[in-house]
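Have a look at the structure below before the remarks.
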Amino acid sequence: MNWLAFALLAWIALGMQLGLAPLLSPGSGAVVGSFVIPVLVYIGLHAPPRSAIWASLLLGVLIDLTTPMTRADGGEAYILGPYAIGCFAAGHFTLAARGLVIKRNPIAFTVLCVLASAVAGVVAVAFFTARSLYPGDPIAWTPGTELLNRLGSALFTSVFALVLSLPLALLTPFMGFAHSGYGTHHHASGGGRAAARRHY
73 MNWLAFALLA WIALGMQLGL APLLSPGSGA VVGSFVIPVL VYIGLHAPPR SAIWASLLLG
133 VLIDLTTPMT RADGGEAYIL GPYAIGCFAA GHFTLAARGL VIKRNPIAFT VLCVLASAVA
193 GVVAVAFFTA RSLYPGDPIA WTPGTELLNR LGSALFTSVF ALVLSLPLAL LTPFMGFAHS
253 GYGTHHHASG GGRAAARRHY
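Letter by letter, the sequence shown follows residues 73 to 272 of my numbering.
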């Protein structure tokens, strides 16, 4: 996997998330689709497993560092961890599901994005809910409302995922995935060793 290309792709997706996603949000803005989750799923479908997990974790950290949480006193706070763990789980989910889908099918990609976004959102809600059980937690938190907002955001992510499916597919050669060999079997010992090296 080309990590420089990944960094550029993550930077673009994060910029779109911060600048464009709120403008496209329906209603009051509590439900916001994700441009980052489609990148996570795309990497999870094509990258070697170890690279996919690290990429998912890094994307989650970026979400945590750019998503302010409302404090009880009306201020804002940035909490590192909820989406890092959530995206880590979403990355594992994508790896588990990628053998069951056609990677270049836009519908399959979109469905996986919705499910991965839901996984990340549920884990993040669980993280914040556990925090809220301790007295003195400064974050204003209503678990039921937050869970519904994140599930709604997961559904709305389908719009972005469907739009991004073709551009992301076109980027595959630049990401270093064109000759990864996933989904093929290497019977020759030389081919097997080469495939094993490419997994990292």
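Note that the Cβ used here is the ideal one computed from N, Cα and C, for glycine as well.
Cβ-Cβ distance between residue i and residue j below 8 Å
i: residue 228; j: residue 154; result: no
i: residue 152; j: residue 193; result: no
i: residue 186; j: residue 124; result: no
i: residue 197; j: residue 210; result: no
i: residue 217; j: residue 188; result: no
i: residue 101; j: residue 163; result: no
i: residue 89; j: residue 108; result: yes
i: residue 181; j: residue 119; result: no
i: residue 243; j: residue 134; result: no
i: residue 104; j: residue 93; result: yes
Distance, residue j Cα to residue i Cα
i: residue 110; j: residue 206; result: 34 Å
i: residue 86; j: residue 79; result: 10 Å
i: residue 212; j: residue 190; result: 21 Å
i: residue 73; j: residue 248; result: 5 Å
i: residue 142; j: residue 204; result: 13 Å
i: residue 77; j: residue 195; result: 28 Å
i: residue 178; j: residue 106; result: 16 Å
i: residue 75; j: residue 136; result: 21 Å
i: residue 230; j: residue 237; result: 10 Å
i: residue 183; j: residue 235; result: 13 Å
i: residue 202; j: residue 97; result: 28 Å
i: residue 147; j: residue 139; result: 13 Å
i: residue 84; j: residue 99; result: 25 Å
For residue i, three-class secondary structure by DSSP
i: residue 62; result: Here the chain comprises residues numbered 73 to 272, so residue 62 is not present and cannot be evaluated.
i: residue 256; result: Unreliable placement is indicated for residue 256, whose pLDDT of 39 sits below 50; the coordinate value is still reported in the next sentence. DSSP places residue 256 in coil when its eight states are reduced to three.
i: residue 211; result: strand
i: residue 149; result: strand
i: residue 229; result: helix
i: residue 138; result: helix
First and last residue of the uninterrupted alpha helix (DSSP H) at residue i
i: residue 163; result: 154–169
i: residue 102; result: Careful: residue 102 lies outside any alpha helix (DSSP H) and carries neither H nor E.
i: residue 203; result: 178–204
i: residue 93; result: 93–96
i: residue 245; result: Run containing residue 245: none; DSSP gives neither H nor E here.
i: residue 111; result: 108–118
When the Cβ atoms of the region 157–164 are set against those of the region 127–140, are three or more pairs found closer than 8 Å? yes
When the Cβ atoms of the region 163–175 are set against those of the region 213–221, are three or more pairs found closer than 8 Å? no
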